Amino acid sequence: MKGADESDLNAAALVARKLRLLMELRRAGIGDARVLGAIEKTPRELFVPEAFQDQAYENVALPIGNAQTISQPYVVALMTELLELTGREKVLEIGTGSGYQAAILSRLSRRVFTVERHRALVREAEQRFAALRLGNIVTRFADGAKGWAEQGPFDRVIVTAAAPEIPAVLLDQLARGGILVLPVGAEYHDQRLVRVRRGESGCETEALAWVRFVPLIAGLPRAGHQTIEQNDDDIAALRVDLAADEFAIE
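First residue of the sequence shown: 21, per our numbering; consecutive thereafter.
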């Protein structure tokens, strides 16, 4: 009985934290009810390592292994909102990571194709998608910097790592009338979130919020470097580093 009571208390605490996060996102300017609804329906605690469960609904980025992070919820919401999804789109995501962003996208679009260069992260994300019965997500272990031309063109493209400039290869895979959202900037402290609309006569680019993402890296990790373990000291350091950045995200 005691175990059941503790479980109920933990579940209630998660619900309260999620509601607090949703209110925070609204105050920060996220106004799309469908985006907020997708965040409400997606259990972020399933995408967060056990050591960070108590922060699952804090508005911060958190480490997930392989020197990657699960993005700050505000930035996930903002990038999703910028895509202007209607439910009919075919979406390409570069950088699966934990799978949280793809899970949000899957609730708002027709199909999501997501590419990740770390095999371990792909496997973990696939398990989460299966557990949540998200059947409209297609994963691929590959070099995300190349996109996924075989499945293109895409109505929407989202990149969760910073490129020094807008990648031409991804623009080539964007359909007419499509939208590309990504962070652009060669330096970690000099990155802007950019939205590109592809029209009949060219592309229109908007520079938006200042953000901080890890760089978009071409190629696959060297053999033997697929998994990076994090000890307690590493986790403690990451807590400090991530807390110091307002937009410390993928």
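Just so it is clear, CB atoms sit at the ideal spot from N, CA and C, and this is done for glycine as well.
Here the structure is a predicted model, which is why all the values come from computation and not from measurement.
Simplified DSSP assignment, three categories, for residue i
i	result
Leu152	coil
Leu128	coil
Asp175	strand
Leu39	helix
Leu98	helix
Ala123	helix
Val201	strand
Pro93	helix
Arg242	coil
Beta bridge counterpart(s) of residue i as assigned by DSSP
i	result
Gln211	Val231
Leu112	Phe133, Val177
Gly85	Gln88
Arg46	According to DSSP, which records beta bridges pairwise, Arg46 is partnered with nothing at all.
Arg218	Cys223
Arg160	Val135
Buried versus exposed call for residue i [16 or more other C-beta atoms within 10 Å across all chains shown]
i	result
Pro184	exposed
Lys110	buried
Thr247	Model confidence at Thr247 stands at a pLDDT of 44, short of 50, so the residue's coordinates are unreliable and nothing is read from them.
His209	exposed
Phe86	According to the sequence as given, residue 86 is Asn; it is not Phe. Classification of Asn86: buried, given that the 10 Å Cβ count is 16 or more.
Gln121	buried
Gly167	buried
Nearest to residue i (by Cα), restricted to the options the options
i	options	result
Leu141	Val68, Glu104, Gly155, Leu98	Val68
Asp74	Ala33, Leu154, Gly107	Ala33
Gly222	Ala195, Gln171, Leu240, Arg242	Ala195
With contact counted as at least three CB pairs below 8 Å, one residue from each stretch, are the segment 32 to 41 and the segment 71 to 84 in contact? Verdict: yes, contact present.
Sufficient close CB pairs (3 or more, under 8 Å) joining the segment 85 to 103 to the segment 55 to 64: In short, these stretches touch, since the Cβ pair count reaches three.
Given 8 Å, three or more beta-carbon pairs between the segment 157 to 172 and the segment 130 to 144: Verdict: yes, contact present.
Examine the Cβ distances between the segment 142 to 154 and the segment 199 to 215 and report whether three or more of them are shorter than 8 Å. Fewer than three beta-carbon pairs drawn from the segment 142 to 154 and the segment 199 to 215 are found closer than 8 Å, and the two stretches are therefore not classed as touching.
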